[in-house]
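Working notes, structure below.
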Amino acid sequence: MQYGVLALLALLVLAPVVPTLYQSFLDRPLYEAGGILTAGNYVRLFTDSGFGEVIGNTALFAVGTTLLTLLIAVPMAVVVVRTQLPGARLFAAAMQWPFFISSLILGFGWITLYGPAGFVSTEVRGWIGTVPWNLYSIPGMAVTEAVALAPIAYVFCANALRQSDASLESAAQVCGARPLRILFSVIIPMLRPPMVYSSILVFSMSVETLSVPLLYGQPVGISVFSTFLYSNGLQSINPDYGVLGAASALILLVTMGLVAVQAKLLKDAQRFVSVRGKATRPRRLDLGWFKWVSIVAIGCYVIFGALLPIGGLVFRSFTLIFTPLQSPFKTLTGANYERIFSFEAYTRSIWNSLIVAAVGAVLVSALSVLAVLVARRSSFRFRRAVEYLSLAPQAMPGIIIGIGLFWAFAYAPFGAGGLIQGTLFALIIGFGLRALPSGFGSIAPSVMQLGLELDNAARVSGADWLRTFTRVLGRLLVPAFAGAMILTFVTMLKEYSPAIFLGSADSNILGTTMLELWVQGNTGSVAALASIQIAITAAFVGLAGLLMRGYRDA
9 MQYGVLALLA LLVLAPVVPT LYQSFLDRPL YEAGGILTAG NYVRLFTDSG FGEVIGNTAL
69 FAVGTTLLTL LIAVPMAVVV VRTQLPGARL FAAAMQWPFF ISSLILGFGW ITLYGPAGFV
129 STEVRGWIGT VPWNLYSIPG MAVTEAVALA PIAYVFCANA LRQSDASLES AAQVCGARPL
189 RILFSVIIPM LRPPMVYSSI LVFSMSVETL SVPLLYGQPV GISVFSTFLY SNGLQSINPD
249 YGVLGAASAL ILLVTMGLVA VQAKLLKDAQ RFVSVRGKAT RPRRLDLGWF KWVSIVAIGC
309 YVIFGALLPI GGLVFRSFTL IFTPLQSPFK TLTGANYERI FSFEAYTRSI WNSLIVAAVG
369 AVLVSALSVL AVLVARRSSF RFRRAVEYLS LAPQAMPGII IGIGLFWAFA YAPFGAGGLI
429 QGTLFALIIG FGLRALPSGF GSIAPSVMQL GLELDNAARV SGADWLRTFT RVLGRLLVPA
489 FAGAMILTFV TMLKEYSPAI FLGSADSNIL GTTMLELWVQ GNTGSVAALA SIQIAITAAF
549 VGLAGLLMRG YRDA
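Listed below in structure tokens is the structure:
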């Protein structure tokens with residue numbers, strides 16, 4: 009089984025990577041015969057294409073997004089999960105709302121409210137004579153992206169906190185430590201694994217994200233890696249595939265270097281074990297007056313970061329025109345939804361997205377559990393390679409995955425690729441590959457916190473590895489597995505970029521349909537589709553929460 013997991017991960021990861029790397033050294037497109045190996049693509053990348061400025065902008069954007077994400081997510085996870093916060097369950101659900109919608113739609117909502125001509129910007133300008141923020145800048149891009157990605161880091165940290173042993177805080181209390189001292193000296197240091205995993209994941213997602221840089225950066229000439237690929241690939245009449253392959257190869261090397269740093273930081277994993285054979289019930293800390301400060305901070309994030317943009321988006325779906333220059337109540341209509349449900353192509357995209365997300369979430373989460381067990385719970389000689397392969401898709405933008413898998417399917421033996429290309433199965437592979445790091449990162453911290461004596465006790469009793477997993481580890485990992493399924497479902501439901509190359513007219517999904525409508529300027533229908541996507545995601549998360557309530561209470 010260990011070799012099977014390694015082989016499957018290698019096949020999935022290398023399928024888009026090998027054609028892309030090969031293209032980076034070819035003097036012509038991969039599909040043209042007679043190609044010659046050359047390093048000229050890398051020379052042109054740094055001389056003619058202005059890639060140096062792109063690297064600087066991308067680094068500033070990714071670092072800013074990562075720092076802001078951790079600044080939002082980590083304190084909120086600690087306060088919600090491990091302190092006596094009034095309405096903690098409501099805040100725990102509200103913290104995940106921004107992740108329910110894609111960055112493209114969140115960016116559209118932010119422009120509607122906080123853009124130069126937005127509703128909030130217009131009011132603020134009337135009060136103080138100016139708008140103290142600028143969305144069309146790298147800080148504006150980083151803030152919006154951080155709001156969208158903060159739920160990822162929050163889920164990782166919250167899962168680890170729910171599994172941690174309260175005896176550690178009790179020991180600190182015996183020594184006379186006060187609640188704030190316990191938070192900073194015991195609880196937060198124990199969060200290093202989920203913080204490292206989420207930091208690497210958020211940084212990588214910031215590097216490859218397209219929507220926010222496309223909305224904010226391109227109009228003012230700020231180019232990052234994703235918009236560089238988009239402009240020189242999809243928007244170009246004659247795409248330079250050599251330069252695109254060279255740029256993708258460099259980003260792949262950088263991200264794999266980050267994964268190596270991550271592994272070094274977490275090499276002493278036993279330091280973070282806090283769940284052992286003796287069970288204890290967590291005790292929540294009382295922060296006194298500081299809990300009201302926490303409530304205000306969380307409320308500002310939820311209301312101004314997610315609730316108002318989402319509310320504005322839903323309201324936009326019921327209007328013909330949405331502008332502060334005219335009362336939107338004068339243009340209320342249901343035409344946007346009528347248009348969606350009147351065309352079979354639009355309704356089919358909804359069903360296709362549901363099928364891809366549901367099937368993909370189960371498959372990716374199951375594969376993630378196996379990969380984590382091999383990488384973190386076995387003596388397999390290639391276990392480190394399993395972890396690298398599981399996290400490697402962080403390095404591959406969705407556009408590159410789409411192009412690489414398209415080439416891989418084209419060159420598949422016995423015509424197998426022709427049977428997959430353009431089908432929902434091709435989208436499940438592409439989207440699942442993109443969601444694999446999220447599933448692995450969601451489950452890995454929980455596995456690292458389970459003491460090895462749990463395995464040893466089962467084996468001493470005569471259980472083999474399968475029985476040990478099903479009777480001991482598997483039951484303890486149910487909350488983490490559910491969290492991985494929710495995370496991967498939402499990720500795959502929002503995904504769209506690989507489908508640009510892997511999809512067809514019969515396999516259109518929500519993302520590509522919204523992109524087509526966005527290009528056409530039909531923002532009302534985009535808002536309607538986005539509202540449907542939000543409703544589907546909220547219903548799924550709510551149902552999953554009800555089904556998992558018994559496990560959380562236990």
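Here the sequence shown stands for residues 9 to 562, numbered as in this note's numbering. All residues carry an ideal CB built from backbone N, CA and C; glycine is no exception.
Asked: Buried versus exposed, by CB contacts within 10 Å (16 or more), Glu153; Found: buried
Asked: Ala161 versus Val82 - alpha carbon distance; Found: 7 Å
Asked: Residue environment, Arg511, which counts as buried when at least 16 other CB atoms sit within 10 Å; Found: Looking at the sequence shown, residue 511 is not Arg but Gly. Looking at its Cβ environment, which holds 16 or more other Cβ atoms inside 10 Å, Gly511 is buried.
Asked: Distance between Ser32 and Leu647 (C-alpha atoms, nearest Å); Found: No statement about residue 647 is possible, as the shown extent of the chain runs from 9 to 562 and does not include it.
Asked: Beta-carbon proximity check, Ser110 vs Ser219, cutoff 8 Å; Found: yes
Asked: Member of Ala416, Ala552, Ala254 and Leu261 whose CA lies at the smallest distance from the CA of Leu19; Found: Ala416
Asked: Contact under 8 Å by Cβ, Leu537 with Leu523; Found: no
Asked: Contained alpha helix (DSSP H) runs [length at least 4] in the region 328-381, N- to C-terminal order; Found: 343-350
Asked: Spatial neighbours of Tyr345 in its chain, beta-carbon cut-off 6 Å, leaving aside the 5 residues before and after; Found: Ala536
Asked: Thr46 - partner residues in DSSP beta bridges; Found: BP columns for Thr46 are empty, so no partner.
Asked: Short Cβ contact (8 Å threshold) for Gly447 with Ser386; Found: no
Asked: Simplified DSSP assignment, three categories, for Ala277; Found: Model confidence at Ala277 stands at a pLDDT of 46, short of 50, so the residue's coordinates are unreliable and nothing is read from them.
Asked: Residue environment, Leu17, which counts as buried when at least 16 other CB atoms sit within 10 Å; Found: buried
Asked: Continuous alpha helix (DSSP H) stretch holding Trp118: start and end; Found: Ser111 to Tyr122
Asked: Spatial distance of Phe280 from Arg36 (CA atoms); Found: Low confidence applies here, because Phe280 scores a pLDDT of 45, under 50, leaving its location unreliable; read the following figure in that light. About 50 Å.
Asked: Extent of the continuous alpha helix (DSSP H) run through Gly449; Found: Leu432 to Met456
Asked: Unbroken alpha helix (DSSP H) run spanning Met9, endpoints; Found: That residue, Met9, is in no alpha helix (DSSP H); it is neither H nor E in DSSP.
Asked: Buried versus exposed call for Gly64 [16 or more other C-beta atoms within 10 Å across all chains shown]; Found: exposed
Asked: Pro140 - containing alpha helix (DSSP H), residue span; Found: Element bounds for Pro140: n/a, residue is neither H nor E.
Asked: Close beta carbons around Ile363, own chain, < 7 Å, minus the five adjacent residues each side; Found: Leu432
Asked: Sequence-distant residues of its chain with Cβ nearer than 7 Å to Arg52 (five each side left out); Found: Val251
Asked: Per DSSP, cross-strand counterpart(s) of Leu34; Found: Leu45
Asked: Whole-angstrom distance between Ile407 and Val394, CA atom to CA atom; Found: 24 Å
Asked: Nonlocal neighbours in the same chain, by C-beta distance under 8 Å from Ile196, ignoring five residues either side; Found: Val82 and Val86
Asked: The alpha helix (DSSP H) enclosing Thr217, as first and last residue numbers; Found: Neither: Thr217 is in no alpha helix (DSSP H) and is coded neither H nor E.
Asked: Continuous alpha helix (DSSP H) stretch holding Tyr396: start and end; Found: Arg391 to Leu399
Asked: Beta-carbon proximity check, Val155 vs Pro221, cutoff 8 Å; Found: no
Asked: Nearest-angstrom beta carbon gap, Thr138 and Phe127 [assumed within contact, 8 Å]; Found: No, Phe127 and Thr138 are not in contact; Cβ-Cβ is about 16 Å, not under 8 Å.
Asked: Of the listed residues Ile44, Thr235 and Trp297, nearest to Gly58 (C-alpha basis); Found: Thr235
Asked: Residue environment, Ser282, which counts as buried when at least 16 other CB atoms sit within 10 Å; Found: Confidence at Ser282 is low in this model, with a pLDDT of 48, below 50, so its placement is unreliable and the value that follows should be read with caution. With 16 or more Cβ atoms within 10 Å of its Cβ, Ser282 is classed as buried.
Asked: Inside the region 48-94 only - alpha helix (DSSP H) runs reaching at least 4 residues; Found: 48-55 and 59-90
Asked: Cβ distance (whole Å) where Ala168 is taken to contact Leu199 below 8 Å; Found: 6 Å
Asked: Inter-residue spacing [alpha-carbon to alpha-carbon] between Ala15 and Leu375; Found: 12 Å
Asked: Residue burial classification, Glu216 (beta-carbon count within 10 angstroms, cutoff 16); Found: buried
Asked: Rounded distance between the beta-carbons of Leu38 and Tyr30, thought under 8 Å; Found: 7 Å
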